[in-house]
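Visitor:
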Amino acid sequence: MIINVLFVLKPLAPVIVFLFSSLQLFAAGDGVHLKAEQFFNIGVIPVTNSMVTSWFVSLLIIVIIKILVGSPQLVPSKGQIIVESIVSGLRGMLEPIVGKKVFFPSFWLLSGLFIFIIIQNWSGLLPGVGTIGYGNVIDNHFSVSKPLIRPGNADINMTLALALVANLFWVYFIVKYAGFKAIIKDWFGNKADKKEVHFLMFAALSLIFIAVGFIEVLSIVFRPVSLTFRLFGNVFGGESLLHSMFYLAPQVNWILPVPFYFMEVLIGLVQALVFMLLVAVYIGLICNHEEGDNH
Amino acid sequence: MYDILAQAEQVSQISGSIQGALGCLGAAIGVGIVGMKGVEAVGRNPDAGGKILVQSILGMALAEAVAFYSLFL
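Residue numbers (this note's numbering), protein chains in the order written: chain Y, 1167 to 1461; chain X, 136 to 208.
1) Check this for me: beta carbons of Y:A1358 and Y:L1373, under 8 Å apart or not?
2) Do the CB positions of Y:G1296 and Y:S1220 come within less than 8 Å of each other?
3) Taking only beta-carbon positions, decide if X:I187 is within less than 8 Å of chain Y.
4) According to DSSP, is Y:S1311 part of a helix, a strand, or is it coil?
5) Note the first and the last residue of the continuous beta strand (DSSP E) segment covering Y:N1207.
6) State the Cα-Cα distance for the pair Y:T1117 and Y:G1299, rounded to the nearest angstrom.
7) Taking the Cβ atom as the reference point for each residue, do Y:V1235 and Y:G1245 lie within a distance shorter than 8 Å?
8) If we ignore side chains and look at the alpha-carbon of each, how far apart do X:Y137 and Y:A1377 end up?
9) Judging by CA-CA distance, which residue of Y:K1266, Y:M1217, Y:G1403 and Y:N1333 is the nearest neighbour of Y:L1279?
10) Would you report the Cα separation of Y:P1212 and Y:G1404, rounded to the nearest angstrom?
11) Within 8 Å (strictly less), CB to CB, does X:L192 reach chain Y?
12) Helix, strand or coil for Y:T1219? Go by DSSP, reduced to three states.
13) Count the other CB atoms, across all protein chains shown, that sit within 10 Å of the CB of Y:I1328; report buried if there are 16 or more and exposed otherwise.
14) According to DSSP, is Y:P1238 helix, strand or coil?
15) Using a threshold of 7 Å, is the CB atom of Y:V1378 nearer than that to any non-hydrogen atom of the ligand MN?
16) Would you mind stating whether Y:F1426 and Y:L1407 have Cβ atoms separated by less than 8 Å?
17) Could you tell me whether the Cβ atoms of Y:P1271 and Y:F1339 are closer together than 8 Å?
18) Hey, how far is the Cα of Y:G1301 from the Cα of Y:I1381?
19) Alpha carbon to alpha carbon, how far is Y:M1217 from Y:V1391? Give it in angstroms, no decimals.
20) Cβ closer than 8 Å: which chain X residues qualify as neighbours of Y:F1395?
21) For Y:G1258, which three-state DSSP category applies?
22) Exposed or buried, what is X:Q145 when buried is set at 16 or more other beta-carbons lying within 10 Å of its beta-carbon?
23) I think Y:I1449 touches Y:W1336, with their Cβ atoms under 8 Å apart; what is that distance to the nearest whole Å?
24) Rounded to whole angstroms, how far is the Cβ of Y:F1402 from the Cβ of Y:A1320, which I believe are closer than 8 Å?
25) Check the Cβ-Cβ distances between X:A183 and every residue of chain Y, and say whether any is below 8 Å.
26) Just to check my reading of the structure: Y:V1383 and Y:L1276 have Cβ atoms closer than 8 Å, yes? What is that Cβ distance to the nearest angstrom?
Dropping the structure here:
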């Protein structure tokens, strides 16, 4: 039985050695900075290491999808089957939430957000992220103070951009597919049944619903903030955790981050899922009522 | 209460922020409650395990986000 295990591990051995040796390159630094480090400026706009990483990963996503699918055929090739299975999985998850009418127009936004965020998060776990860069020597170890590669979502500007784009298109979708009247009715409208309630009570309830509508608008204005900080906090916190796990116990320092890498894989997947599902829920709350489903 | 916190900071070099501590405390309790109810629901209806898992993970991610508001905002 031990021999079987060794046969399984043999092809994996170079991968494991590579991963552990990249962890060895790491040395004490001042932790991960909240602000991503700048490389150069394009005119007035600073370009940070996480921006450059996100460009490379985006290019990788585009190239891989293009190689997988090419031009879609009626009889699918193997790559097309993979992409089709991802699309149908996302469809099964999203169609009950956003409703049939707005599913197809909004699918590009939701699936784009999911694929983008999940691949950016997972590519922040590859060897070399955070360990290759500019630095100086501190007591016989090379210490990286300005890494060349940093996960794209560990920069709050990136997650802010994603949240703002998602909310901008949320406004577009609900205005186009539900209309202003349905929006105002959903936020400020009186939801009591006029026949079952006395007239004075109905009037009082109208005032209460209008006040509740203002509170709802306040919570809607807070949505971009919450989307931003949820994704940023998880990815930046994960990066910071992996860096600090390395210094916790000097004797076993290369093995301690390994379980946290698995946790970061799960967190990367969950945060992409949560981002996409939240935007879908925001769209579906207003647009799905129009299908006439039970209130 | 602020006197005690200031003295604790001087004596023992604890310099964490109370804002982050309270936020993370709330988030941890919230995630624990979601987990507790999720496990209970699976116990009542084991066949719905997959759907309950998806809902639980969504609820935990939303509850944990509040910790990040208090840490970074």
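Note that the Cβ used here is the ideal one computed from N, Cα and C, for glycine as well.
Guide: Answer, in terms of the structure:
1) In this structure, Y:L1373 does not lie closer than 8 Å to Y:A1358 by Cβ.
2) No, these two residues do not count as a Cβ contact at 8 Å.
3) No, X:I187 does not count as interfacial toward chain Y.
4) Y:S1311: strand per DSSP, three-state reduction.
5) Its beta strand (DSSP E) spans residues Q1204 to I1208.
6) Because residue 1117 of chain Y is not part of the residues shown, which for chain Y are 1167 to 1461, the question remains open.
7) For Y:V1235 and Y:G1245, yes; Cβs fall inside 8 Å.
8) Whole-angstrom Cα-Cα distance: 37 Å.
9) Nearest neighbour of Y:L1279 by Cα position, chosen from Y:K1266, Y:M1217, Y:G1403 and Y:N1333, turns out to be Y:N1333.
10) The straight-line gap from Cα to Cα measures roughly 25 Å.
11) Here residue 192 of chain X turns out to be Ile, not Leu, going by the sequence shown. Closer than 8 Å: yes.
12) Reduced to three states, the DSSP call for Y:T1219 is helix.
13) Looking at the sequence shown, residue 1328 of chain Y is not Ile but Leu. With 16 or more other Cβ atoms within 10 Å, it is buried.
14) In the structure shown, Y:P1238 falls within a coil segment according to DSSP collapsed to helix, strand and coil.
15) The ligand MN is absent from the structure shown, which contains no ligands of any kind.
16) With contacts defined by Cβ atoms closer than 8 Å, Y:F1426 and Y:L1407 form a contacting pair.
17) Cβ distance < 8 Å, so Y:P1271 and Y:F1339 count as in contact.
18) If you take the alpha carbons of Y:G1301 and Y:I1381, they lie about 49 Å apart.
19) C-alpha separation (whole angstroms): 20 Å.
20) A200, F203, Y204, F207 and L208, listed in chain order.
21) In the structure shown, Y:G1258 sits in a helix (DSSP, three-state: H, G or I).
22) It counts as exposed.
23) With 8 Å as the limit, Y:I1449 and Y:W1336 qualify as a contact, their Cβ atoms being about 6 Å apart.
24) Between Y:A1320 and Y:F1402 the Cβ distance is about 5 Å, and since that is below 8 Å, they are a contact.
25) False, the Cβ-Cβ gap to chain Y never drops below 8 Å.
26) Contact annotation, Y:V1383 with Y:L1276: C-beta distance approximately 24 Å; criterion of less than 8 Å not satisfied.
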